[in-house]
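Asker:
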Amino acid sequence: MYRIRFHGRGGQGMKTASRILGTALFLEGFEVQDAPRYGAERRGAPMFAYVRAHHKPINERGIISRPALVVVSDDSLLAMAAAGVTNGLTAATLLAVCTTRPSSFYDHHDDLKGQLILFRPPASVNGHSQLSSCCAGAAAALLGIISPANLAAAVARELDALPPERIRVNQQAAATVFRRLTENGAFVREGADQVRVKRPHWLTLALDSAALAAPAIHAAATTLRMDTGLWRSQRPEIDFDTCTCCGLCNIYCPDGAISLGDNGCPAIDYQHCKGCLICLNQCPTGAISARPEAAAHETDEVEA
Amino acid sequence: MKRTLLTGNGAAAWGARLACIDYLPAFPITPQTEIIETISSWIDQGLMACRMVSMDSEHSMITAAGAAAATGVRTFTATSSQGLLYGMEMLYAVAGWRVPLVLVNVSRALAAPVTLEPDHNDVLAARDSGFIQIHCATCQEVVDTMLLAYRLSEDKRLRLPVIVNLDGYYLSFTREPVTLPDPQLASRFVGPPTSRADQIQASHPTSLGIAVLGGSQYSYFRYEQHLAALAALEIYDDLGRDYGRLTGRSYSALACYRCHGADMVFVMIGSFATKGKDAVDQLRAMGLAVGLVRLRLVRPWPGVALATALADKKGVAVIDQNLSMGQGGILYQEVAAALYHRPDRPRVLCSYVGGLGGRDISLEDFRGMAEETLQAAASGRTPPPRLLYTEEDLAQMRAAQQVAAPDIDPGAETP
Amino acid sequence: MSSAPQKPSSQPLGHQLAAGTSTCAGCGALQGIRLVHDILDSKVFFVNAAGCMTLLSIYPFTPFAGAWLYTSMASAAAGGQGVRDALDIMLAGKRLPPQEDMQVVVLSGDGSAGGMGLSATSGAMDRNLDFIYLCYDNEGYGNTGYQLSAATPHGARTTTSTSGNPGYKKELFDIWTAHKPAYAATICGAEPGDLRKKVETLKGIKGPRLLLALSPCPTAWHFEPADTITLGKLAVACGLWPLKEYKEGRLVHTKVPKKTGRRPQVEEYLRLQGRYRHLFAPRRNDRVISEIQNRVDRYWEKVTDEG
Numbered sequence: 010m011y012r013i014r015f016h017g018r019g020g021q022g023m024k025t026a027s028r029i030l031g032t033a034l035f036l037e038g039f040e041v042q043d044a045p046r047y048g049a050e051r052r053g054a055p056m057f058a059y060v061r062a063h064h065k066p067i068n069e070r071g072i073i074s075r076p077a078l079v080v081v082s083d084d085s086l087l088a089m090a091a092a093g094v095t096n097g098l099t100a101a102t103l104l105a106v107c108t109t110r111p112s113s114f115y116d117h118h119d120d121l122k123g124q125l126i127l128f129r130p131p132a133s134v135n136g137h138s139q140l141s142s143c144c145a146g147a148a149a150a151l152l153g154i155i156s157p158a159n160l161a162a163a164v165a166r167e168l169d170a171l172p173p174e175r176i177r178v179n180q181q182a183a184a185t186v187f188r189r190l191t192e193n194g195a196f197v198r199e200g201a202d203q204v205r206v207k208r209p210h211w212l213t214l215a216l217d218s219a220a221l222a223a224p225a226i227h228a229a230a231t232t233l234r235m236d237t238g239l240w241r242s243q244r245p246e247i248d249f250d251t252c253t254c255c256g257l258c259n260i261y262c263p264d265g266a267i268s269l270g271d272n273g274c275p276a277i278d279y280q281h282c283k284g285c286l287i288c289l290n291q292c293p294t295g296a297i298s299a300r301p302e303a304a305a306h307e308t309d310e311v312e313a
Numbered sequence: 040m041k042r043t044l045l046t047g048n049g050a051a052a053w054g055a056r057l058a059c060i061d062y063l064p065a066f067p068i069t070p071q072t073e074i075i076e077t078i079s080s081w082i083d084q085g086l087m088a089c090r091m092v093s094m095d096s097e098h099s100m101i102t103a104a105g106a107a108a109a110t111g112v113r114t115f116t117a118t119s120s121q122g123l124l125y126g127m128e129m130l131y132a133v134a135g136w137r138v139p140l141v142l143v144n145v146s147r148a149l150a151a152p153v154t155l156e157p158d159h160n161d162v163l164a165a166r167d168s169g170f171i172q173i174h175c176a177t178c179q180e181v182v183d184t185m186l187l188a189y190r191l192s193e194d195k196r197l198r199l200p201v202i203v204n205l206d207g208y209y210l211s212f213t214r215e216p217v218t219l220p221d222p223q224l225a226s227r228f229v230g231p232p233t234s235r236a237d238q239i240q241a242s243h244p245t246s247l248g249i250a251v252l253g254g255s256q257y258s259y260f261r262y263e264q265h266l267a268a269l270a271a272l273e274i275y276d277d278l279g280r281d282y283g284r285l286t287g288r289s290y291s292a293l294a295c296y297r298c299h300g301a302d303m304v305f306v307m308i309g310s311f312a313t314k315g316k317d318a319v320d321q322l323r324a325m326g327l328a329v330g331l332v333r334l335r336l337v338r339p340w341p342g343v344a345l346a347t348a349l350a351d352k353k354g355v356a357v358i359d360q361n362l363s364m365g366q367g368g369i370l371y372q373e374v375a376a377a378l379y380h381r382p383d384r385p386r387v388l389c390s391y392v393g394g395l396g397g398r399d400i401s402l403e404d405f406r407g408m409a410e411e412t413l414q415a416a417a418s419g420r421t422p423p424p425r426l427l428y429t430e431e432d433l434a435q436m437r438a439a440q441q442v443a444a445p446d447i448d449p450g451a452e453t454p
Numbered sequence: 002m003s004s005a006p007q008k009p010s011s012q013p014l015g016h017q018l019a020a021g022t023s024t025c026a027g028c029g030a031l032q033g034i035r036l037v038h039d040i041l042d043s044k045v046f047f048v049n050a051a052g053c054m055t056l057l058s059i060y061p062f063t064p065f066a067g068a069w070l071y072t073s074m075a076s077a078a079a080g081g082q083g084v085r086d087a088l089d090i091m092l093a094g095k096r097l098p099p100q101e102d103m104q105v106v107v108l109s110g111d112g113s114a115g116g117m118g119l120s121a122t123s124g125a126m127d128r129n130l131d132f133i134y135l136c137y138d139n140e141g142y143g144n145t146g147y148q149l150s151a152a153t154p155h156g157a158r159t160t161t162s163t164s165g166n167p168g169y170k171k172e173l174f175d176i177w178t179a180h181k182p183a184y185a186a187t188i189c190g191a192e193p194g195d196l197r198k199k200v201e202t203l204k205g206i207k208g209p210r211l212l213l214a215l216s217p218c219p220t221a222w223h224f225e226p227a228d229t230i231t232l233g234k235l236a237v238a239c240g241l242w243p244l245k246e247y248k249e250g251r252l253v254h255t256k257v258p259k260k261t262g263r264r265p266q267v268e269e270y271l272r273l274q275g276r277y278r279h280l281f282a283p284r285r286n287d288r289v290i291s292e293i294q295n296r297v298d299r300y301w302e303k304v305t306d307e308g
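Chains as they are written, first to last, in this note's numbering: chain A, 10 to 313; chain B, 40 to 454; chain C, 2 to 308.
(1) Identify whether residue 202 of chain A lies in helix, strand or coil by the three-state DSSP scheme.
(2) List the residues of chain A that residue 463 of chain B touches, going by C-beta distances under 9 Å, in chain order.
(3) List the endpoints of the continuous beta strand (DSSP E) containing residue 352 of chain B.
(4) Determine, for residue 180 of chain A, whether the minimum Cβ-Cβ distance to residues of chain C falls below 8 Å.
(5) For the candidate residues B:41, B:172, B:161, whose alpha-carbon lies nearest to that of residue 141 of chain B?
(6) Do residue 62 of chain A and the ligand ADP come close, with the Cβ less than 7 Å from some heavy atom?
(7) According to DSSP, simplified to helix, strand and coil, what is residue 97 of chain B?
(8) Closer than 8 Å, CB to CB, is residue 278 of chain C near chain A or not?
(9) Using DSSP's beta-bridge definition, name the partner residues of residue 44 of chain B.
(10) If we call anything under 8 Å between Cβ atoms a contact, is residue 358 of chain B one with residue 379 of chain B?
(11) Which ranges would you report for the alpha helix (DSSP H) in the stretch 175-236 of chain C if only whole runs of at least 4 residues count?
(12) Does residue 338 of chain A get closer than 8 Å to chain C when you measure Cβ to Cβ?
(13) Ordered along the chain, which non-local residues of its own chain (more than five positions away) have a Cβ less than 8 Å from that of residue 299 of chain C?
(14) Enumerated in chain order, which unbroken segments of the alpha helix (DSSP H) with a length of 4 residues or greater are wholly contained in the stretch 218-264 of chain B?
(15) Taking 8 Å as the threshold, find out whether the stretch 331-351 of chain B comes into contact with the stretch 267-286 of chain B through three or more Cβ pairs.
(16) According to DSSP, which residues form a beta bridge with residue 1 of chain A?
(17) Measuring CA to CA, which of B:153, B:425, B:219 is closest to residue 285 of chain B?
(18) Quick one: measure Cβ to Cβ for residue 33 of chain C and residue 190 of chain C, integer angstroms, because I've assumed they're closer than 8 Å.
(19) Please report the straight-line C-alpha distance between residue 135 of chain C and residue 316 of chain B, rounded to a whole angstrom.
(20) Buried or exposed: where does residue 241 of chain A fall if 16 or more other Cβ atoms within 10 Å of its Cβ makes it buried?
(21) Closer than 7 Å, Cβ to any Cβ of chain C: which residues of the stretch 231-243 of chain A, in chain order?
(22) Against residue 291 of chain A, what residues of chain C qualify as contacts under a CB-to-CB distance less than 7 Å, listed in chain order?
(23) For the alpha helix (DSSP H) that contains residue 173 of chain A, what are its first and last residues?
(24) Would residue 299 of chain B be called buried (16 or more neighbouring beta carbons within 10 Å of its own) or exposed?
(25) Taking Cβ positions, are residue 72 of chain C and residue 50 of chain C nearer each other than 8 Å?
(26) Should residue 347 of chain B be labelled buried (16 or more other beta-carbon atoms within 10 Å of its own) or exposed?
(27) On the CB-based measure, 16 or more other CB atoms within 10 Å of its CB, does residue 82 of chain C come out buried or exposed?
(28) Please tell me whether residue 47 of chain A has its Cβ less than 8 Å away from any Cβ of chain C.
(29) Can you tell me whether residue 145 of chain B is helix, strand or coil according to DSSP?
(30) What would DSSP say about residue 64 of chain B, mapped onto helix, strand or coil?
(31) Could you check how far apart the C-beta atoms of residue 87 of chain C and residue 248 of chain B are, in whole angstroms? I think they sit under 8 Å.
(32) Do residue 173 of chain C and residue 114 of chain C have their CB atoms nearer than 8 Å?
(33) What residue range does the alpha helix (DSSP H) around residue 246 of chain C cover?
(34) Looking at residue 51 of chain B: is its Cβ nearer than 8 Å to the Cβ of residue 181 of chain B?
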């Protein structure tokens, strides 16, 4: 059985990527299963989708814990433990990452198990990214069992609500990545059907106090422990030479991620800022600019 | 202690009064309405220090009740039938909040067809809601159970809401002598309303009724609710004994009647069980060795006590005043599950469904069930589940159908 | 430094609602709720109806420092009743020190507020319940992926009105004022000055009080999260979202947009949102666009006529 996981952020189209791949495999004659997995998080938050393909009916269900192939649409997810990109990776896993970084960037990522394969995101056309088609194309290439024709057909089927021109652009995006990665020569090996199963460590649950065992939180502001700053792809930065400390950004930030210090000037809480950039749009003096998070990261690392 | 004549609804209202309830969100429905009318008039006369509020629906009523209980006041509410079902979503929610609350349900059969008379399909629809469920057979038991219910519900180990069930008409509108506990004794037994520690207040942040992500956390909360409900079995019996020491009337999960030496035993819940006791006496006089077990607790389910009470009997007849369409009697399934693994289980377990929508279960019915069960025990062959319905019942129905559908021939083949 | 704009008067500095919630980036609803909470102060008991804000608290994480109770979609106002009554009972019985009292705020989306929650809300108004009803109006069932609700505006595309809503937005504000509540106001987080005045006003009033907040939703309305405030301001400026206040039985418009012809056309607002894209492409739908414009113009003509 082939087990593939797509990781991305809400809104990047990884559900669609999984469906394109699922359809392509189906067209190749495989038994297929594809499904997205959402948490409560929304657009910008990490999510994943998965695909199984087999020569016979698939009885396995639910999350794939030992993928043979993992495709990541957003390289910032690699550093985010909560995204679970590296869950269940072994040396045999192919880890395909959509990134604009040079491969040298990943040289010191020794903690990444599996064989790393990088591919570039497609150029956006009229503001549309084609990211899902591109990631599906990458997966199709690395599986080595999907024809270019069936990949194109699958893109058309899954995006049939789009105008023909955009379908064509998506097919091209998928084909480009497909060709590039096919040349790479790395192919996914089919996962074993038989797995080693151990007995679970069941316990006899005791009755806890009602106060503890109610679905209640007896503490304040515990969401501060959630690093929603990891959702961010663009980082707002304040130029204090231009900032008048008018405080509007503090008022307009939906997340309360901009506070005003004792001097009345704003400070951005990057642990929680989701990168919506309302502050940038609303700043009356244009004191806020945005930088891609990846670039900001690199600067941080250099400075550190 | 004062002995007086009270209806079941009056007894429920007295129970709430003696428990010194703080709060009553209310909504009328037959046959429950008299409870809230009674309490309303007591409040107006200054006899009760309780805030009553007329809600817009049972769904709202149960929400308000649960929210008030969560905030920290002793809360009571009451409904029936369609009302219980209309509020059903909130029964599950409030139980999940783990808050103490007592709700009286006056059993009434469910639409369609619409009727006002009782059976247990309404309250058994709440079987899996997480509410503890106590069934009463007499008006005396209603008032006593109200006090037990508050103690049980507010027990720190449990904090589970409780449904006290009484049958419409047969108890709700039926007067019988009731000994009212002395108010001081009652309020001592129940104790002061929920203590400070349970209150939600400005200085103690509390977020309640939270969402969870993932089945593992969800399972924990649900398992704990189940474990708390199971723990209520022992706590109820302890409370019932304590109450007995104070009032001379003790309570336990099962009420057994002439089971000793019985070859055959009826299993029932609710007020029809007193008719069952009468039938046991009559049948004993005829020489049939029969007895009766009545379950007071339906949730938690006193399965071990029940299996022990039924051990080594030749035959058991479960009388269900409810019907799960396409399956049969609900209690029958549960009794069977309690007995299956026991080597001392009765030889046969027979299922009878009757008393729907207030239809009587007559002495004749009891005789038929006893004899059929004993014959089955002798032969070792359990008869198929029987729906209690006589030739006379059908004749009356046919007469009505002559009016309702004169052109449809009852003998015609089903298409 | 360049010319400093006016500092918004006594703006909130602290944040009552902690960061780190799972709402979408650029959530207009959260932005409005945050402002209201900051102005109300910390002693608030939120009673939440099912909706996007259900997921503000996900075990074991909550953004609240006060109290929060999740109820159901239909009965949040009834939950507010239970909480208010319980607090009053305990205050009267000296079982709760006065400083532990809380303002009860029912938090609900437009789906609940104008649909299945109406009976419970109407009941709470009948009973003159002392509570604030804060409705974040994102004009559809947002938490389930944006389906048609009673508050979806005419022409807007949702996942269950894929060729545009043939119906019209239900007037929740009018339904409230028909009950003659103590207070009702429309607000928008993009108009913080107006919002602040209204929240300060309602703090001094007891009884049922509505805050109906237009809450632009980047996810459902299909616009860039950075444009949330821009859209809110535009909705007010073009006249689509009248800012008004009902108090002591009188209705006042708190911010009247410029006269017809001088204020932005609704088209400017519609064009920014994917949910109206079908009105402009592949062919322009003049009938619907001008109907939306005409309704806005008629509304403000009437307002001006009435003085």
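All residues carry an ideal CB built from backbone N, CA and C; glycine is no exception.
None of these values were measured; they are calculated from a predicted model.
Answerer: Working from what's here:
(1) coil
(2) Nothing can be reported for residue 463 of chain B, as the shown portion of chain B is limited to 40 through 454.
(3) Run containing residue 352 of chain B: none; DSSP gives neither H nor E here.
(4) no
(5) B:172
(6) The model on display carries no ligand, and the ligand ADP is accordingly not part of it.
(7) helix
(8) For residue 278 of chain C, the closest Cβ of chain A is not nearer than 8 Å.
(9) Its beta-bridge partners are B:216.
(10) The answer is no: Cβ separation not under 8 Å.
(11) 193-204, 219-222
(12) Because residue 338 of chain A is not part of the residues shown, which for chain A are 10 to 313, the question remains open.
(13) Cβ neighbours of residue 299 of chain C beyond the five flanking positions: none.
(14) Runs of the alpha helix (DSSP H) inside the stretch 218-264 of chain B: 222-229.
(15) The stretch 331-351 of chain B and the stretch 267-286 of chain B touch, with no fewer than 3 CB-CB distances between them shorter than 8 Å.
(16) As shown, chain A starts at 10 and ends at 313. That puts residue 1 of chain A outside it, with no answer to give.
(17) B:219
(18) Their Cβ separation, rounded to whole angstroms, is 3 Å, which keeps residue 33 of chain C and residue 190 of chain C in contact under 8 Å.
(19) When rounded, the distance between both Cα atoms is 57 Å.
(20) Burial call: buried.
(21) 231, 232, 233, 234, 235, 237, 240
(22) 230
(23) 173-193
(24) exposed
(25) yes
(26) If you draw a 10 Å sphere on the C-beta of residue 347 of chain B, you find fewer than 16 other C-beta atoms in it, and that means exposed.
(27) buried
(28) no
(29) strand
(30) Strand at residue 64 of chain B.
(31) About 15 Å separates the two Cβ atoms, so there is no contact after all.
(32) yes
(33) Annotation for residue 246 of chain C: no alpha helix (DSSP H) segment contains it, though the beta strand (DSSP E) segment containing it runs 244-248.
(34) Yes.
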